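This report concerns only the one structure given below.
What follows is the structure, encoded as structure tokens:
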């Protein structure tokens with residue numbers, strides 16, 4: 082039985098990356114690109130986004146080869162593709178934005194093709210919350226709605242974000258965002274406060290410290306993969322979210338046990354993503370490599386079931 | 082079979098705590114006190130430290146009731162007990178030191194009683210590395226040596242610390258300390274660098290993000306207990322280390338599987354510690370409560386062994 086496709090809406094971009102290992106001009110990037118490639122390892126993907134006149138045909142072909150349906154990728158000939166330029170610190174722990182050229186993305190208004198309006202799995206990438214809501218307004222049928230957000234919208238577009246959150250099933254955000262949006266420092270309290278805003282599932286990404294999944298009274302703590310081979314952290318969060326919903330789509334259900342495994346698979350994809358520049362490693366990683374690394378996650382968290390005080 | 086005792090050497094203090102919930106003058110504290118009480122849940126403890134003329138008999142009796150042998154607790158009548166005063170931020174995420182009165186601790190030179198000089202399990206609390214080495218010099222026989230350290234010694238006493246590390250089996254430190262001591266930002270690389278300095282086992286404490294255990298090629302990632310009931314974070318790190326070595330002593334071996342469970346038990350004790358002011362919760366927590374919380378840790382990290390890409 083083939084998996085039901087995942088609809089991914091978000092930014093498609095070129096990133097100019099200044100990494101400790103060297104500079105890389107205009108490599109493929111954007112939240113929807115990373116999420117789509119990650120999800121495609123488990124299920125077919127329907128991508129909705131906008132690119133400009135500089136978009137190369139080979140990028141469309143590459144996405145197609147990874148079973149990403151690009152019929153919802155609008156090509157706007159009036160400008161160039163969204164471009165971001167950033168410089169990472171020598172230990173990759175922080176980065177500085179050198180340029181954000183929105184270009185055709187400035188007027189992005191997602192149009193969901195008729196063929197995509199019934200999608201069981203919907204991933205709203207990190208775009209303006211009003212646009213996220215516009216997407217949901219166009220859906221004729223949807224199952225699980227996953228949304229990502231960021232501090233920029235929490236600070237500047239809180240009313241719109243709160244309106245969107247009421248329609249979201251699963252919210253993915255990082256620890257600082259969870260604290261800022263909830264006003265709670267303690268992450269357990271923060272997650273509970275976020276659940277009262279709408280999402281029944283909250284996943285808090287903690288970078289090198291892994292991720293926490295909250296659903297009802299359940300808490301799941303996933304470690305980060307203890308990698309030493311970080312080359313480029315760009316897109317790790319989008320890859321996590323894409324791997325997560327892709328895995329859920331592949332399994333065909335969002336039961337709690339599935340969500341836990343989905344967090345591990347999302348983390349695994351993210352751990353591969355950062356090993357290469359841009360999307361390169363996401364394009365090359367194999368099912369066997371993913372499965373082996375998931376097996377290592379099992380070993381990393383396992384402790385004796387016989388553990389007892391005496 | 083009764084467990085072989087743990088020797089704990091470190092500071093014994095009174096802490097004046099200004100917490101969001103109120104102020105608490107001169108409650109029992111100090112690295113050795115927290116570590117001893119934590120370890121005592123699993124094995125008898127031999128405490129070596131110094132206190133002053135203000136030390137109350139009831140504190141000695143309380144420790145004795147928790148099978149902490151205080152015959153190595155020197156009472157120096159020439160001064161008062163070490164006193165620390167601090168104020169926590171309203172969200173408990175940071176603290177400010179208001180006073181550090183070393184008092185009799187200023188000239189502390191640990192003297193290991195003859196009866197304690199053969200101890201299979203040795204915990205060197207966070208004191209000057211030269212004093213830690215002095216302790217080891219007095220031992221006639223020891224098994225596993227666990228040491229804690231802090232930024233203060235890394236910055237100011239690096240040569241002494243490096244000398245001590247060559248005699249340490251298991252080093253416990255927090256993530257920032259691991260980075261500073263190793264010069265590596267990536268924690269996996271940091272741990273490997275620390276292992277080259279002497280310890281064959283390194284445990285990196287990450288506070289609310291749990292802990293990482295490194296031994297040879299093995300990595301174990303333990304979550305923090307997802308508590309919402311933090312009242313006083315003081316002593317959590319010392320409690321973790323004490324619970325860790327106490328559990329190892331209780332099991333009677335330091336095999337890798339034991340170390341993994343020991344990290345979970347140390348984390349569990351620390352999660353109880355922070356629920357009360359000072360050592361109060363460490364004194365009241367029961368074996369049943371510890372065992373139940375360890376069971377919850379199992380649930381928090383578990384994910385499907387059948388997890389597979391399709």
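Chains as they are written, first to last, in our numbering: chain A, 82 to 391; chain B, 82 to 391. Every residue, glycine too, gets a C-beta built ideally from N, C-alpha and C. Just so it is clear, the structure is predicted and the values come from calculations on it, not from any experiment.
| Query | Result |
| --- | --- |
| Chain B residues whose Cβ lies nearer than 8 Å to that of residue 313 of chain A | The premise fails here: residue 313 of chain A is roughly 14 Å from chain B at the closest Cβ pair, so nothing lies under 8 Å. |
| Proximity test, Cβ basis, 9 Å: residue 146 of chain B and chain A | no |
| Residues that residue 223 of chain A bridges to, as DSSP identifies them | A:200 |
| Proximal residues of chain B, C-beta to C-beta of residue 381 of chain A below 7 Å | 300, 301, 302 |
| For residue 224 of chain B, the nearest candidate out of B:326, B:343, B:371 (CA to CA) | B:326 |
| Nearest to residue 167 of chain A (by Cα), restricted to the options A:277, A:158, A:177 | A:177 |
| Three CB pairs or more closer than 8 Å across the region 369-385 of chain A and the region 100-113 of chain B | no |
| Segments of 4+ residues assigned as alpha helix (DSSP H) that fall wholly inside the region 157-188 of chain B | none |
| Alpha-carbon spacing of residue 249 of chain B relative to residue 281 of chain B, whole angstroms | 8 Å |
| Residue 105 of chain A: first and last residue of the uninterrupted beta strand (DSSP E) it sits in | 103-110 |
| Residue 348 of chain B (DSSP reduced to helix, strand or coil) | helix |
| Test item: CB-CB of residue 479 of chain A and residue 186 of chain A under 9 Å | Past the boundaries of the shown model lies residue 479 of chain A; chain A is included only from 82 to 391, so the question cannot be answered. |
| Proximal residues of chain B, C-beta to C-beta of residue 287 of chain A below 7 Å | 290 |
| Where residue 380 of chain A falls: helix, strand or coil (DSSP) | helix |
| Length of the line joining the Cα atoms of residue 232 of chain B and residue 240 of chain B | 14 Å |
| Cβ contact check for the region 331-348 of chain B and the region 130-145 of chain B: 3 or more pairs under 8 Å | no |
| Assigned exposure category for residue 256 of chain B - 16 Cβ within 10 Å defines buried | buried |
| C-alpha gap between residue 207 of chain B and residue 210 of chain A, whole angstroms | 49 Å |
| Cβ neighbours of residue 360 of chain B in the same chain (closer than 8 Å, five flanking residues each side left out) | 108, 109, 110, 114, 115, 118, 316, 354 |
| Reduced DSSP secondary structure (H/G/I, E/B, other) of residue 146 of chain A | helix |
| Three-state secondary structure (DSSP) of residue 391 of chain A | Because residue 391 of chain A carries a pLDDT of 41, less than 50, the predicted location of this residue cannot be relied on, and the following value inherits that uncertainty. Residue state, collapsed to three classes: coil. |
| Min CB distance residue 172 of chain A to chain B below 9 Å | yes |
| Coarse secondary structure for residue 286 of chain B, derived from DSSP in three states | strand |
| Sequence-distant residues of the same chain with beta carbon closer than 6 Å to residue 164 of chain B, five excluded per side | 95, 182 |
| Per DSSP, the bridge partner or partners of residue 132 of chain A | A:156 |
| DSSP three-state assignment for residue 232 of chain A, whether helix, strand or coil | helix |
| Counted within 10 angstroms of its Cβ, other Cβ atoms place residue 370 of chain B as buried (16 or more) or exposed | exposed |
| Selection from A:172, A:218, A:201 that minimises the alpha carbon distance to residue 193 of chain A | A:218 |
| Partners in chain A for residue 268 of chain B, counting only beta-carbon separations shorter than 9 Å | 289, 307 |
| Paired residues, beta bridge with residue 99 of chain A - DSSP | A:104, A:168 |
| is_contact[residue 284 of chain A, chain B] using C-beta, thresh 9 Å | no |
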